[in-house]
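Encoded as structure tokens, the structure appears first; notes follow it.
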Amino acid sequence: MPEITLLSQETIDKIAAGEVVERPSSVVKELVENAIDAKATAVTVEIKEGGISFIRITDNGCGIERAQVPLAFLRHSTSKIKSVEDLMSITSLGFRGEALSSIAAVSQVELITKTYGELTGTRYVIEGSKEKENEEIGAPEGTTFIVRNLFYNTPARRKFLKTAQTEGNYINDLMERLALSHPGVSFKFINNGQTKMHTSGNSREKDMIYHIYGRDITSGLLEIDHKNEYFHVKGFIGKPLISRGNRNFENYFINGRYIKSALLSKSIEEAYKGFLMQHQYPFCVLYFSMDTDLLDVNVHPTKMELRFSNNEAIYKTLFEIIRGALTHKDFIPEVPVQEEKIRKRENIKAPLPEPFERRGVEMVRSGGRFQPQDIQQGTDGQSGFAASKENEDVQTTIPMQSAAPQKESAPPENLSVFNSLLPKKETAVTEQSADRVSESNTYTVSKPVPQPIQADKTTASLPEETAAALPESKVTYEQQELAAVSEGFLTKDAKKKHKIIGQLFDTYWMVEYEDKLFIIDQHAAHEKVLYEKTMKKVREKTFSSQTLSPPIILTLSIEEIEMLEKYREQIDAFGYEIEPFGGKEYAVTAIPADFTGIDTKTMFLEMLDDFANINENDSPNAIMEKVASMSCKAAIKGNQHISRPEAERLIDELLELENPYNCPHGRPTIISMTKYEIEKKFKRIV
Numbered sequence: 001m002p003e004i005t006l007l008s009q010e011t012i013d014k015i016a017a018g019e020v021v022e023r024p025s026s027v028v029k030e031l032v033e034n035a036i037d038a039k040a041t042a043v044t045v046e047i048k049e050g051g052i053s054f055i056r057i058t059d060n061g062c063g064i065e066r067a068q069v070p071l072a073f074l075r076h077s078t079s080k081i082k083s084v085e086d087l088m089s090i091t092s093l094g095f096r097g098e099a100l101s102s103i104a105a106v107s108q109v110e111l112i113t114k115t116y117g118e119l120t121g122t123r124y125v126i127e128g129s130k131e132k133e134n135e136e137i138g139a140p141e142g143t144t145f146i147v148r149n150l151f152y153n154t155p156a157r158r159k160f161l162k163t164a165q166t167e168g169n170y171i172n173d174l175m176e177r178l179a180l181s182h183p184g185v186s187f188k189f190i191n192n193g194q195t196k197m198h199t200s201g202n203s204r205e206k207d208m209i210y211h212i213y214g215r216d217i218t219s220g221l222l223e224i225d226h227k228n229e230y231f232h233v234k235g236f237i238g239k240p241l242i243s244r245g246n247r248n249f250e251n252y253f254i255n256g257r258y259i260k261s262a263l264l265s266k267s268i269e270e271a272y273k274g275f276l277m278q279h280q281y282p283f284c285v286l287y288f289s290m291d292t293d294l295l296d297v298n299v300h301p302t303k304m305e306l307r308f309s310n311n312e313a314i315y316k317t318l319f320e321i322i323r324g325a326l327t328h329k330d331f332i333p334e335v336p337v338q339e340e341k342i343r344k345r346e347n348i349k350a351p352l353p354e355p356f357e358r359r360g361v362e363m364v365r366s367g368g369r370f371q372p373q374d375i376q377q378g379t380d381g382q383s384g385f386a387a388s389k390e391n392e393d394v395q396t397t398i399p400m401q402s403a404a405p406q407k408e409s410a411p412p413e414n415l416s417v418f419n420s421l422l423p424k425k426e427t428a429v430t431e432q433s434a435d436r437v438s439e440s441n442t443y444t445v446s447k448p449v450p451q452p453i454q455a456d457k458t459t460a461s462l463p464e465e466t467a468a469a470l471p472e473s474k475v476t477y478e479q480q481e482l483a484a485v486s487e488g489f490l491t492k493d494a495k496k497k498h499k500i501i502g503q504l505f506d507t508y509w510m511v512e513y514e515d516k517l518f519i520i521d522q523h524a525a526h527e528k529v530l531y532e533k534t535m536k537k538v539r540e541k542t543f544s545s546q547t548l549s550p551p552i553i554l555t556l557s558i559e560e561i562e563m564l565e566k567y568r569e570q571i572d573a574f575g576y577e578i579e580p581f582g583g584k585e586y587a588v589t590a591i592p593a594d595f596t597g598i599d600t601k602t603m604f605l606e607m608l609d610d611f612a613n614i615n616e617n618d619s620p621n622a623i624m625e626k627v628a629s630m631s632c633k634a635a636i637k638g639n640q641h642i643s644r645p646e647a648e649r650l651i652d653e654l655l656e657l658e659n660p661y662n663c664p665h666g667r668p669t670i671i672s673m674t675k676y677e678i679e680k681k682f683k684r685i686v
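Numbering (UniProt numbering) for the sequence shown: 1 to 686.
Given below as structure tokens:
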């Protein structure tokens, strides 16, 4: 058995430092919290190369007395607690006495400090836990820490750090949380010489939210202020309209400390159920004041986790507070009234203004195939083809028993084969009525629907290496059974025998072919069509842009700006054109042509959220696929009525794909039932 020996103090210090100092943001957190505990009202943080090579933190707090400076760098030396009983009533952010010793063990630290009562200050240098200099100098009141070459003496730890940009992003995020947690402190954050954040320190929480998250978020807040036997919570929660695609916008502070709590997160997200779409998360900035007897913050050296003495009661109480704030609120967004263009169409009125959730920029007509921009909302919220002069004479007819018979007209040769199934006596009605499959399962068109007119477009090219990395879609093993039995259904000759029965639940289209009934999910099918079109353009290295006039103005957070700059090449390649608009605002002047007709702002912000979740080891292929999947947002939805011509075009495009069986998210697009199965259900076959 190997001999048991005591570790050297240097080894002990480095092991202990690994628990406290995980990355540059850990250093910033510990030193800024020390500044706050020192009653500082202004804190400046400056970093270079993501904080790996240089961190400087300056505050105007009380400073450290000259005689106590060397003592401050010893393990478990602190001014914040005196005994174990003090752990049950901690009011400071720090208390373990490990931060300075841990930082000094793995970096080169320079400290300049001066208290109010001293005439001169102290300059102290320590590297790898070894004191190098200790001298008296002139200095302003307060403290400045300069940390250089983090993990210089532990290369094994340093190689696990991420890129300078990523480490800088972690510090960006941390500074936003610290600024939110203490709105009475003025924070200034400088990254590689650029001032990224500078808050006023006026103690107004809403002003801080505006400074960090911008106007759009701030305008969609609900104020919370509730006191009960467990805690006092105040702050703001977001209306459902400003929900986001990840939890990065959930902020909880307990007794001035930013924490991560699965309990609080779960309680709030459950309260929002029914108000948010799936995979959307609420925005919140909540400040909890709680008796220290009900908390245990001594769970982890980072002090980001804590334990509650009564989890169930806190969960239930917070749920009821948030649910109560959301209930009976008017969440109908205000939409500016815009002048609608008057369109003269026979028997069809101009579309009414749409609700916020479904409004979009002006539809673009492009190509000759079914795309979201080929559809516009009708007078009752149902979809119809975009109006043009060429199709003013388009007329649909359905049989009506009470109407007088109309003279029969011969259809053109290129009319759909479905006309062969139509009755001979028909009466003209409005297109809106004819679109409803529930009123009839037959229709005629007096002239073929024209191809949409071509829009002016600009072209953007994708990087060759990115496009080359993208594979063609393949049919999976699980799809082979349907592919085998449906091979005839997918051929060009079979299309002539397709008999569209109608639309079910405003979501599914039923198609009869030979002895089978095929049911197609319109949302999943359209998602697949749009995704494959987008990926094809990626492989061909070209994308079309549609100019927006006026442009859309976005207010981005520091993290979102970093994501925008980091993935600028991919964003530009997809057809976006984005320009700085001053401060944290950016102007979206053009979007991908295939993305028109949807909420551009929401879609772009969701794309930035997805970028934040990308693993740095992801290939260019994976990154571009994430962006391409955003085209699914433009797909027609379930419970949305579309006309039969639109369904025909959608089905035709779906069946032309190499793999039409599943949407990009894995859901089936087509299922089938045989005549035998149906007859067996009705006991025709025993």
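Note that CB positions come from ideal geometry on N, CA and C, so glycine has one too. Nothing here was measured: the structure is a model prediction, and the numbers come from that model.
Where residue 709 falls, given that 16 or more other Cβ within 10 Å makes a residue buried: Since the first residue shown for the chain is 1 and the last is 686, residue 709 is missing from the structure and cannot be characterised.
Tell me whether the beta-carbon of S53 lies closer than 8 Å to the beta-carbon of N149. Position 53 of the sequence shown holds residue 53. Position 149 of the sequence shown holds residue 149. With respect to N149, S53 sits close: the two C-beta atoms are nearer than 8 Å.
Cβ pair T120, G63 closer than 8 Å: What you label residue 120 is simply residue 120 of the sequence shown in a count that begins at 1. What you label residue 63 is simply residue 63 of the sequence shown in a count that begins at 1. Against a cut-off of 8 Å, the Cβ pair of G63 and T120 comes out as no contact.
Where M509 and E646 are concerned, what is the direct C-alpha to C-alpha distance, given to the nearest angstrom? Stepping through the sequence shown from its first residue, residue 509 is reached at position 509. Stepping through the sequence shown from its first residue, residue 646 is reached at position 646. Residue identity check: residue 509 is Trp in the sequence provided, not Met. Answer to the nearest angstrom: the Cα atoms are 11 Å apart.
Opening and closing residue of the alpha helix (DSSP H) in which L263 lies: Here residue 263 corresponds to residue number 263 of the sequence shown, with the count starting at 1. Residues A262 to A271.
Can you tell me the Cα-Cα spacing of T154 and Y230, whole angstroms? Taking the first residue of the sequence shown as 1, we reach residue 154 at position 154. Taking the first residue of the sequence shown as 1, we reach residue 230 at position 230. Whole-angstrom Cα-Cα distance: 45 Å.
Nearest-angstrom Cβ-Cβ length linking Y567 and F611, presumed shorter than 8 Å: Start at 1 with the first residue of the sequence shown, and residue 567 comes out as number 567. Start at 1 with the first residue of the sequence shown, and residue 611 comes out as number 611. Their Cβ separation, rounded to whole angstroms, is 5 Å, which keeps Y567 and F611 in contact under 8 Å.
Unbroken beta strand (DSSP E) run spanning I55, endpoints: By 1-based counting over the sequence shown, the position of residue 55 is 55. First-last of the beta strand (DSSP E) with I55: F54 to D59.
Going by alpha carbons, who is nearest to S643 out of I501, E223 and I314? Indexing the sequence shown from 1 puts residue 643 at position 643. Nearest C-alpha to S643: I501.
Quick check: what's the CA-CA separation for K601 versus E141? By one-based count along the sequence shown, residue 601 stands at place 601. By one-based count along the sequence shown, residue 141 stands at place 141. For K601 and E141, the distance between alpha carbons rounds to 47 Å.
On the CB-based measure, 16 or more other CB atoms within 10 Å of its CB, does E33 come out buried or exposed? Working through the sequence shown from its first residue, we reach residue 33 at position 33. Counting other Cβ atoms within 10 Å of its Cβ, E33 reaches 16 or more and is therefore classed as buried.
Can you tell me whether DSSP reads M290 as helix, strand or coil? Locating residue 290 in the sequence shown gives position 290, counting from the first residue. Shown here, M290 sits in coil according to DSSP, grouped into three states, outside any helix or strand.
Would you call the stretch 219–234 in contact with the stretch 316–324, where contact means no fewer than 3 C-beta pairs closer than 8 Å? Taking 8 Å as the limit for Cβ pairs, the verdict is that the stretch 316–324 does touch the stretch 219–234.
Quick one: what does DSSP say D216 is sitting in, helix, strand or coil? Locating residue 216 in the sequence shown gives position 216, counting from the first residue. Per DSSP, reduced to three states, the secondary structure at D216 is helical.
Rounded to whole angstroms, what's the CA-CA distance from F189 to S672? Just pull it up for me. In the sequence shown, the residue the question calls residue 189 occupies position 189. In the sequence shown, the residue the question calls residue 672 occupies position 672. Taking the CA atoms as reference points, F189 sits about 60 Å from S672.
For H665, would you say it is in contact with chain B, using Cβ-to-Cβ distances shorter than 8 Å as the test? No chain B is present in this structure, which holds just one protein chain.
Could you tell me whether the Cβ atoms of R244 and F308 are closer together than 8 Å? Within the sequence shown, numbered from 1, the residue matching residue 244 stands at position 244. Within the sequence shown, numbered from 1, the residue matching residue 308 stands at position 308. Cβ atoms of R244 and F308: not closer than 8 Å.
For S77, is the beta carbon positioned less than 7 Å from some heavy atom of the ligand ADP? Within the structure as shown, the ligand ADP is missing, as the structure has no ligands at all.
Taking only three categories from DSSP, how would you classify Y676? For the purposes of this step, residue 676 is identified with residue 676 of the sequence shown, where counting begins at 1. Residue state, collapsed to three classes: helix.
What's the C-alpha gap between L655 and V285? In the sequence shown, counting from the first residue as 1, residue 655 sits at position 655. In the sequence shown, counting from the first residue as 1, residue 285 sits at position 285. The straight-line gap from Cα to Cα measures roughly 48 Å.
Contact between the stretch 156–168 and the stretch 123–137 is defined here as three or more beta-carbon pairs at a separation below 8 Å; is this criterion met? Flag = no, the stretch 156–168 and the stretch 123–137 do not touch.
What's the gap between the Cα of V147 and the Cα of D59? The residue labelled residue 147 in the question sits at position 147 within the sequence shown. The residue labelled residue 59 in the question sits at position 59 within the sequence shown. Rounded to whole angstroms, the separation of the alpha carbons of D59 and V147 is 15 Å.
Taking DSSP as the reference, what is the three-state secondary structure of D37? For the purposes of this step, residue 37 is taken as residue 37 along the sequence shown, with counting starting at 1. Residue state, collapsed to three classes: helix.
Using 8 Å as the threshold, is the stretch 220–230 in touch with the stretch 246–265, meaning 3 or more CB pairs across them? With the cut-off at 8 Å, the stretch 220–230 and the stretch 246–265 do not touch.
Tell me whether P551 sits in a helix, a strand or coil according to DSSP, three-state version. Locating residue 551 in the sequence shown gives position 551, where the first residue counts as 1. Per DSSP, reduced to three states, the secondary structure at P551 is strand.
Assuming L241 and G274 make a contact with CB atoms under 8 Å, what is their CB distance in whole Å? For the purposes of this step, residue 241 is taken as the residue at position 241 of the sequence shown. For the purposes of this step, residue 274 is taken as the residue at position 274 of the sequence shown. That pair is no contact at about 15 Å.
Measure the Cβ-Cβ separation of N172 and E559 and say whether it is below 8 Å. Stepping through the sequence shown from its first residue, residue 172 is reached at position 172. Stepping through the sequence shown from its first residue, residue 559 is reached at position 559. Yes, the Cβ-Cβ distance between N172 and E559 is below 8 Å.
Whole angstroms are fine: how far does the CA of Q570 sit from the CA of D515? Along the sequence shown, read from residue 1 onward, the residue named residue 515 stands at position 515. Along the sequence shown, read from residue 1 onward, the residue named residue 570 stands at position 570. Computed Cα separation, rounded: 47 Å.
Residues near I685 in its chain [Cβ-Cβ closer than 8 Å; skip 5 each side]: Taking the first residue of the sequence shown as position 1, residue 685 is located at position 685. Only Y676 and E679 meet the Cβ criterion.
Would you mind listing the alpha helix (DSSP H) stretches within the stretch 140–195 that are 4+ residues and don't spill past its ends, in chain order? Listed in chain order, they are 155–158 and 164–181.
Here's the rule I'm using: 16 or more other beta-carbon atoms within 10 Å means buried, otherwise exposed. How should Y116 be labelled? As a working note, residue 116 is residue 116 in the sequence shown. Residue environment for Y116: exposed (fewer than 16 other C-beta atoms within 10 angstroms of its C-beta).
Going by DSSP, name the residue or residues bridged to E646. Position 646 of the sequence shown holds residue 646. As far as DSSP is concerned, E646 takes part in no beta bridge.
Taking only three categories from DSSP, how would you classify V20? Translated into positions along the sequence shown, residue 20 becomes position 20. Reduced to three states, the DSSP call for V20 is helix.
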